[in-house]
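In UniProt numbering, the protein residues as written are 1 to 94.
And the structure:
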């Protein structure tokens with residue numbers, strides 16, 4: 001994964017705040033994934049428009065004291081990709 005890469009949730013998957021559970025969840029056809037606060041904050045930024053570097057910059061402005069934030073974002077996005085939650089946004093040149 002490169003920092004200029006752009007990701008989005010897989011087609012048919014949706015990020016949603018669940019007030020009853022007090023957390024973000026990913027809804028998908030076969031079920032739901034309950035997310036940590038950190039995972040929810042990261043996935044709120046994964047919109048198919050922002051690069052990984054953009055997401056890191058946005059979160060660094062929001063959480064200026066988080067020293068390992070960049071590494072945490074990269075690690076989480078890698079894990080989310082490995083779990084099949086995210087798809088790379090195809091960039092069309094031309």
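Ideal Cβ placement from N, Cα and C applies to all residues, glycine included.
Quiz item: Straight-line CA distance for residue 4 to residue 75?
Solution: 15 Å
Quiz item: According to DSSP, is residue 43 helix, strand or coil?
Solution: helix
Quiz item: So what's residue 6 in DSSP terms, helix, strand or just coil?
Solution: strand
Exercise. With a 10 Å radius around its C-beta and 16 neighbouring C-beta atoms as the bar for buried, classify residue 24 as buried or exposed.
Key: buried
Self-check item: 8 Å contact criterion, which residue 77 and residue 52 should meet: CB distance rounded
Solution: 6 Å
Quiz item: Out of curiosity, what's the CA-to-CA distance linking residue 1 and residue 31?
Solution: 27 Å
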